[in-house]
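Worksheet for the structure shown next.
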Amino acid sequence: MTTLAELTTLRVGGPAAHTVTATTRDELIHAVTTVWHEGDDPFVLGGGSNVLVGDDGYDGTLVRVATRGIEQVGAASGRVLLRVEAGESWDDLVAYAVDRGLAGIEALSGIPGSCGAGPIQNIGAYGQELSASLVAVELLDREHGDLVRVPASELGLGYRTSVLKRHGGEAPVRDGVVVSIDVELTDAGGLSAPVAYPQLASSLGVELGTRLPIADVRRTVLELRRSKGMVLDPADPDTSSAGSFFTNPIVSESFARSLPADAPRWPIADDDADDAVVIPLGEWTGEVPRPSLEHDARVKLSAAWLIERSGIRRGFRLPGSRAAISSKHTLALTNTGGATADEIAALARYVQMRVGAEFGVVLQPEPVFVNVEF
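For any residue, its number in this note's numbering is found by taking its place in the sequence shown, counting from 1, and adding 567.
Have a look at this one:
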């Protein structure tokens, strides 16, 4: 019997009671609607790169999305519209775009997972987010039981979130399965979008805002991600992870001023993300209170800096555990071999506790949890 450990990048998770692999959109629609009509919830899995599945697995139907296809459906004024099936590999889409000189997602090179999962998480890296290129998704809507085209403006896309995401295992605001996505890219004669991230600009040896041959940007992004263990590689145990396990917290500017002067921080737009939960030092009990709706100007902090400054170093693990902090990047929790979901979750709770106790910031996990207590 196939286990979720074999299908997820964290390499943990027990078996599913039933498994259906959908290689066409008709098979995907049929598999999902059949489970819905039975009154159950399917576990829809793409690349398995942003999920932590419990050791008992899933007592229901696992629907593996293996649909493929990239089609150009429009072009005008230097803009090209692509329609991509949900099961298509995200990095294959980026490679397809770069090979054709289409800019807008090159900084998202190397992100594992499927295209259908991209909008759910609003994937982003090195100064680009999918929300800047996403036009719409084709959604199999559970409430209505049919396919609808949902504009990106209605998806509530924010920092690593959308109305489609299951937060902490809870039901999403809008329940459905992404069948395809539409992305609009720029034909700029083989040049990239303006470089918008300092680390990427530094690695390329250019100023922010510079346009470069798009293939050069992709190559450099892949090198940066590989140096952090963020490109899947069977020979690198640090890549047995879910990527960044915690999101960078968003806090008020006044709270940010209370942190050490060397704490990295970046001002953000008002509608970029919900505020992180902040608690007074000395009052952390392990319980996560409701965030306040009142805030002043907001600032994004570095979760990696908070983790490191709370005393947790690369390679750290709890005694006897096979789950560890990556040896390359403190934001990644890795399976060093034979780890259980409970061990991964225990390490995540420990990291959250240490940062909460040290700085009063409650880090929020990025992966979706399935049958895991956190």
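Positions of the beta carbon are idealized from the N, C-alpha and C atoms, including for glycine.
- Per DSSP, V762 lies in no beta strand (DSSP E) and is assigned neither H nor E.
- For P834, the pairing in a beta bridge is given by DSSP as V866.
- Annotated three-state conformation of Y726 is coil, per DSSP.
- Unbroken beta strand (DSSP E) stretches of 3 residues or longer found wholly inside the region 629-694: 637-643 and 646-652, given in chain order.
- Three or more beta-carbon pairs separated by less than 8 Å link the region 886-903 to the region 795-807, which places the two stretches in contact.
- Membership of S808 in the beta strand (DSSP E) is indicated by the continuous run S808 to S811.
- Inter-segment contact for the region 654-666 and the region 681-695 is present: three or more beta-carbon pairs are separated by less than 8 Å.
- Distance between P816 and A782, taken at the CA atoms: about 32 Å.
- Secondary structure at S888: coil, using DSSP grouped into helix, strand and coil.
- Only residues of its own chain outside the window of five on either side were considered, and among them G735, A912, A915, R916 and P932 have a CB closer than 8 Å to the CB of F941, listed in chain order.
- A Cβ-Cβ contact shorter than 8 Å links G743 with R709.
- Taking C-alpha positions only, A871 is separated from W833 by approximately 14 Å.
- For the pair I874 and V918, the Cα-to-Cα distance works out to about 7 Å.
- When rounded, the separation of the alpha-carbon atoms in E594 and V715 is 17 Å.
- Per DSSP, T907 has no beta-bridge partner at all.
- For S807, the closest C-alpha among the options T569, M568, T570 and L574 is that of L574.
- Assignment of I748 by DSSP, reduced to helix, strand and coil, places it in the strand class.
- In this structure, the CA atom of V935 is about 24 Å from the CA atom of S700.
- Each of S676, E751, V665 and Y625 was checked against the Cα of A572, and the nearest Cα belongs to Y625.
- Between V788 and S676, the C-beta spacing is below 8 Å.
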